[in-house]
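For the sequence shown, the working numbering assigns the number 38 to the initial residue and increments by one for each residue that follows. Just so it is clear, CB atoms sit at the ideal spot from N, CA and C, and this is done for glycine as well.
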Amino acid sequence: MALVLGGGCASREGQGRHQYPVPEMTIAISFDDGPSEKTEQLLAVLRENNVKATFFLVGQLVENNPEKTRLIFTEGHEIGNHSYGFEGLGKNGKAGEAAIRESLRATSAIIKETTGKEPVYFRAPNLDYSDTLTGVVKDMGMSLIGAGVSGRDWEADISTEEIISNILGAAKDGGIILLHERHSGDTERTIRAVPVIVHELRLRGYEIVSVGELAKKKGVSPEAGIRYDSIGNAMNGRADNTPPLKESYINQFLIGNVMSPGETGTPRFDILSRHFNVITAENAMKPSSLQREKGIFTFEQADRMVDAVLAQGLKVHGHTLAWHQQSPDWMNHEGISRSEAMENLSAHVKTVAAHFKGRVISWDVLNEAIIDNPPEPADWRASLRQSPWYKAIGPDYVEFVFKTAREADPGAKLYYNDYNLDNQNKALAVYNMVRELNEKNPDTGGRPLIDGVGMQGHYRLNTNTDNVRLSMERFISLGVELSITELDIQAGSDSRQTDRQLVEQGAVYAGLFSLFREYAAHIGRVSIWGLDDGSSWRSAASPCLFDRELKAKPAFYAVLNPVSFIAENSIKLIREAKQGEASYGTPVIGPNPDPLWNNVPALPVDQYLMAWQGASGTVKALWDEKNLYVLVQVHNAELNKASPNTYEQDSVEVFIDEDNQKTSFFRKDDGQYRVNFDNETSFNPPSAGTGFVSAAAVREKSYTVTMTIPFKTIVPAADSFIGFDVQINGASAQGIRQSVAVWNDTTGNSFQDTSGYGVLKLIKN
Ligand code: 9MR
Numbered sequence: 038m039a040l041v042l043g044g045g046c047a048s049r050e051g052q053g054r055h056q057y058p059v060p061e062m063t064i065a066i067s068f069d070d071g072p073s074e075k076t077e078q079l080l081a082v083l084r085e086n087n088v089k090a091t092f093f094l095v096g097q098l099v100e101n102n103p104e105k106t107r108l109i110f111t112e113g114h115e116i117g118n119h120s121y122g123f124e125g126l127g128k129n130g131k132a133g134e135a136a137i138r139e140s141l142r143a144t145s146a147i148i149k150e151t152t153g154k155e156p157v158y159f160r161a162p163n164l165d166y167s168d169t170l171t172g173v174v175k176d177m178g179m180s181l182i183g184a185g186v187s188g189r190d191w192e193a194d195i196s197t198e199e200i201i202s203n204i205l206g207a208a209k210d211g212g213i214i215l216l217h218e219r220h221s222g223d224t225e226r227t228i229r230a231v232p233v234i235v236h237e238l239r240l241r242g243y244e245i246v247s248v249g250e251l252a253k254k255k256g257v258s259p260e261a262g263i264r265y266d267s268i269g270n271a272m273n274g275r276a277d278n279t280p281p282l283k284e285s286y287i288n289q290f291l292i293g294n295v296m297s298p299g300e301t302g303t304p305r306f307d308i309l310s311r312h313f314n315v316i317t318a319e320n321a322m323k324p325s326s327l328q329r330e331k332g333i334f335t336f337e338q339a340d341r342m343v344d345a346v347l348a349q350g351l352k353v354h355g356h357t358l359a360w361h362q363q364s365p366d367w368m369n370h371e372g373i374s375r376s377e378a379m380e381n382l383s384a385h386v387k388t389v390a391a392h393f394k395g396r397v398i399s400w401d402v403l404n405e406a407i408i409d410n411p412p413e414p415a416d417w418r419a420s421l422r423q424s425p426w427y428k429a430i431g432p433d434y435v436e437f438v439f440k441t442a443r444e445a446d447p448g449a450k451l452y453y454n455d456y457n458l459d460n461q462n463k464a465l466a467v468y469n470m471v472r473e474l475n476e477k478n479p480d481t482g483g484r485p486l487i488d489g490v491g492m493q494g495h496y497r498l499n500t501n502t503d504n505v506r507l508s509m510e511r512f513i514s515l516g517v518e519l520s521i522t523e524l525d526i527q528a529g530s531d532s533r534q535t536d537r538q539l540v541e542q543g544a545v546y547a548g549l550f551s552l553f554r555e556y557a558a559h560i561g562r563v564s565i566w567g568l569d570d571g572s573s574w575r576s577a578a579s580p581c582l583f584d585r586e587l588k589a590k591p592a593f594y595a596v597l598n599p600v601s602f603i604a605e606n607s608i609k610l611i612r613e614a615k616q617g618e619a620s621y622g623t624p625v626i627g628p629n630p631d632p633l634w635n636n637v638p639a640l641p642v643d644q645y646l647m648a649w650q651g652a653s654g655t656v657k658a659l660w661d662e663k664n665l666y667v668l669v670q671v672h673n674a675e676l677n678k679a680s681p682n683t684y685e686q687d688s689v690e691v692f693i694d695e696d697n698q699k700t701s702f703f704r705k706d707d708g709q710y711r712v713n714f715d716n717e718t719s720f721n722p723p724s725a726g727t728g729f730v731s732a733a734a735v736r737e738k739s740y741t742v743t744m745t746i747p748f749k750t751i752v753p754a755a756d757s758f759i760g761f762d763v764q765i766n767g768a769s770a771q772g773i774r775q776s777v778a779v780w781n782d783t784t785g786n787s788f789q790d791t792s793g794y795g796v797l798k799l800i801k802n
């Protein structure tokens with residue numbers, strides 16, 4: 038930013054000669070820590086620039102400098118309470134409630150005695166707040182003012198230009214600028230910055246006022262005990278008025294979120310630092326952000342963010358050194374030689390890891406290298422994604438990238454990070470990879486090569502916590518650290534959520550955090566991927582803890598206290614399984630249904646799981662001592678079986694849980710039986726096909742499938758129950774599945790989880 042400094046030139050322009058636009062925005066300006074030897078000088082600058090500000094004064098200094106205090110007041114500035122002796126009053130201080138009360142009382146009293154007016158705003162010294170302090174401030178009828186738009190002018194090495202750019206970079210309508218009339222460094226820097234800030238903001242259309250005046254302009258009456266980082270926008274009294282999440286997880290694991298460099302110094306950053314203690318750059322530390330062109334590293338944005346996060350006392354996790362996305366093509370384009378690709382990878386990893394050394398606690402060294410649901414998880418090499426790095430280097434790029442990272446920053450924990458790790462096949466492939474590489478490299482810098490596994494955790498309402506638990510246990514058994522790195526839970530569509538979805542989403546968050554608490558000893562960090570639904574990468578599915586206005590959702594309270602959330606909401610969450618009846622009898626299976634079916638009750642298969650409402654139908658069941666017989670009649674189908682994926686073809690699926698134990702994963706009594714309209718079959722597990730017989734008959738847009746399904750583990754008895762469900766897959770004219778209808782299980786998870794199945798009663802009369 039090119040700014041003209043010094044000589045008071047900006048201020049003279051500001052006075053008369055310059056034509057500013059008619060202001061459309063308002064911002065407050067405040068100065069902490071006076072009165073002091075600089076008071077007169079600062080007052081002169083403000084007078085010259087026609088600015089009225091809020092001064093947060095220290096009680097003891099008011100007592101020693103009554104004249105200066107009166108001067109501030111008579112020149113039309115507002116005075117706030119900044120404690121009596123600048124002692125630590127919040128979480129970092131030692132003052133008890135009585136001492137806090139006395140400090141605030143004495144300050145307000147001396148300000149009133151000197152100026153005749155009692156302050157209504159309080160700012161905590163060092164921005165150090167606590168619940169006790171908030172309670173006292175509330176009792177005294179004052180509002181709290183946070184660090185809205187901070188110049189960070191107390192920092193030792195900061196220049197006037199940096200103070201200015203900190204403020205101009207974060208300025209926003211309703212913001213409150215924080216500067217200091219006195220601090221341990223050179224206060225002149227601040228005083229020099231003021232006219233420039235005022236001038237630049239006025240050019241942008243801001244009116245610059247005191248905190249009280251800002252509230253008036255915004256039509257807000259500040260509430261006692263509420264902390265305001267800005268006034269008159271959606272953020273007030275909301276996200277920043279909830280109990281800090283991180284305090285619920287002290288001594289358990291770090292709790293994090295993501296941000297971008299542009300959020301530094303904004304009210305969003307205040308919310309992030311209130312609730313979280315570790316930050317991941319959502320995009321700013323990915324390869325394409327740091328080395329878009331070969332050899333040209335662009336660290337400025339990421340550095341700005343990382344330094345601000347560290348200055349706030351939070352930690353930083355690095356994301357990500359090697360990935361198949363958001364990486365420039367030159368690194369590993371098609372046809373590149375193995376050695377050149379290795380050089381590119383190593384140069385990137387070395388430079389980046391060395392650059393952030395000491396500032397990040399850990400790195401996602403390799404991101405998303407394993408394919409989805411790998412068919413042969415025992416062979417992790419065969420399970421590797423055919424990514425550009427893989428194609429250019431081969432499967433040993435995995436070991437290579439970890440070794441390079443270890444050398445460049447031996448202090449950082451090195452993570453393998455991936456999504457869908459609740460899928461047991463994918464989890465197993467990752468497990469095998471980490472196990473082999475750690476066994477092969479047991480001592481790199483005193484420890485095995487890979488320190489941790491990151492389960493991203495992009496989940497949905499139907500994510501089964503039991504599968505998450507299985508994977509967690511698997512990784513923990515490797516002796517590595519576990520982190521949940523990108524947690525979000527989709528619930529709803531089109532940026533809308535029903536009341537039920539809000540509670541269900543909370544329940545999934547609560548279930549997961551209960552689980553994380555159980556394994557806290559093995560968990561390093563749980564990070565949410567997105568502060569609010571509006572800024573989430575999956576915004577339409579509203580997956581975060583805060584809504585678009587930064588108001589805490591039920592999900593927030595679920596994370597804050599999972600146990601009480603479940604206790605308070607369990608009634609709302611019960612969803613009863615449907616119950617149907619199977620009649621007794623042995624039909625002949627063939628293209629024309631046996632007349633025996635005529636007296637069997639039909640169950641509707643008409644609950645749609647996707648937006649498109651295509652093929653649906655009915656199901657009937659018969660049973661005898663050996664088999665279950667099923668007849669599915671499908672209507673309204675555009676018959677198509679072009680897809681190589683059998684589940685995308687027009688087909689019906691029957692799910693059976695013989696012992697009705699509703700386990701969240703398949704055991705030997707469970708099976709999935711799929712038949713398409715052409716009577717082609719597929720089974721899960723494949724052994725379920727033994728003894729199975731089916732027939733199919735098509736009539737225009739309808740078809741009928743009959744099946745004989747042998748019981749595998751039970752000898753059925755009258756009046757007993759089995760778990761049962763039916764699904765109808767509808768393909769589009771292009772051969773892509775566009776519609777799914779079910780009888781009972783709306784989770785979409787029937788293929789691996791029997792807990793949502795309906796129940797079939799076996800009747801014999
Ligand atoms: O949230 C990120 C989004 O802003 C980017 O556009 C996207 C680019 O691929 O990456 C998102 O973050 C991803 C993360 O880096 C790795 N795991 C999946 C995340 C969601 O896509």
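- The three-state secondary structure of Lys678, taken from DSSP, is coil.
- Asp503 carries a helical assignment under DSSP once its states are collapsed to helix, strand and coil.
- According to the DSSP secondary-structure assignment, Val467 is paired through a beta bridge with no residue.
- Trp780 is not bridged by DSSP to any residue.
- Taking all protein chains in view, the Cβ of Glu413 is surrounded by fewer than 16 other Cβ atoms within 10 Å, so the residue is classified as exposed.
- For Met744, the secondary structure class from DSSP, reduced to helix, strand or coil, is strand.
- Nearest Cα to Gln775 within the set Trp649, Val667, Asn781: Trp649.
- With a cut-off of 8 Å on Cβ pairs, the region 414-427 is in contact with the region 462-473, counting three or more such pairs.
- Per the C-alpha coordinates, the member of Asp694, Ser551, Tyr427, Asn629 positioned closest to Asn721 is Asp694.
- Checking the DSSP bridge columns, you'll see Phe761 partnered with Ile693, Gly795.
- When secondary structure is reduced to three states using DSSP, Ile751 falls in the coil class, being assigned neither helix nor strand.
- In this structure, Arg160 is the residue among Glu100, Phe68, Arg160, Ser145 with its C-alpha nearest to the C-alpha of Gly125.
- Pro162 is not a Cβ neighbour of His217, given a cutoff of 9 Å.
- In its chain, beyond the 5 residues on either side, Pro624, Val625 have a beta carbon closer than 7 Å to the beta carbon of Asp631.
- Less than 9 Å divides the Cβ of Val235 from the Cβ of Ile245.
- Taking all protein chains shown into account, Glu237 has 16 or more neighbouring C-beta atoms within 10 Å of its C-beta and is therefore buried.
- For Gln362, the closest alpha carbon among the candidates Met322, Ser399, Lys394, Ala384 is that of Met322.
- Sixteen is the threshold: when 16 or more other Cβ atoms of the shown chains lie within 10 Å of the Cβ of Val438, as they do, the residue is buried.
- Sequence-distant Cβ neighbours of Gly627 in its own chain, meaning closer than 6 Å and more than five residues away, are Ala732.
- Note on the region 263-321: whole beta strand (DSSP E) runs with a minimum of 3 residues are 291-296, 315-318, in chain order.
- By the C-beta density criterion, Asn713 is buried, having at least 16 other C-beta atoms within 10 angstroms.
- Positions of the beta strand (DSSP E) runs, each at least 3 residues long and wholly inside the region 595-632, are given as 616-621 in order along the chain.
- Exposed is the label assigned to Gly350, since fewer than 16 other Cβ atoms lie within 10 Å of its Cβ.
- Judged by DSSP secondary structure, Phe92 falls within the beta strand (DSSP E) whose first and last residues are 91-94.
- For His385, the enclosing alpha helix (DSSP H) covers residues 375-392.
- The nearest non-hydrogen atom of the ligand 9MR is less than 8 Å from the C-beta of Asn404.
- The count of Cβ pairs closer than 8 Å, one atom from the region 773-787 and one from the region 589-600, stays below three, leaving the stretches out of contact.
- Nearest to Ala679 by C-alpha distance, out of Gln644, Ser769, Thr655, is Ser769.
- Comparing alpha-carbon positions, the option among Gly728, Ser792, Val671, Val735 lying closest to Phe748 turns out to be Gly728.
- A contact between stretches requires three or more CB pairs, one per stretch, nearer than 8 Å, and the region 396-410 meets this requirement with the region 351-358.
- Of the residues Val689, Asp488, Tyr434, the one whose Cα lies closest to the Cα of Arg472 is Asp488.
- Using a cutoff of 8 Å, the CB of Gly567 counts as near the ligand 9MR, since one of the ligand's heavy atoms is closer than that.
- Restricting attention to Ser757, Gly113, Thr76, Val435, the CA atom closest to the CA of Val95 is found in Thr76.
- When Glu330, Ile147, Leu665 are compared, the shortest CA-CA separation from Glu100 is found for Ile147.
- When rounded, the separation of the alpha-carbon atoms in Ser739 and Asn504 is 37 Å.
- When the Cα atoms are used, Gln644 and Lys254 turn out to be separated by approximately 52 Å.
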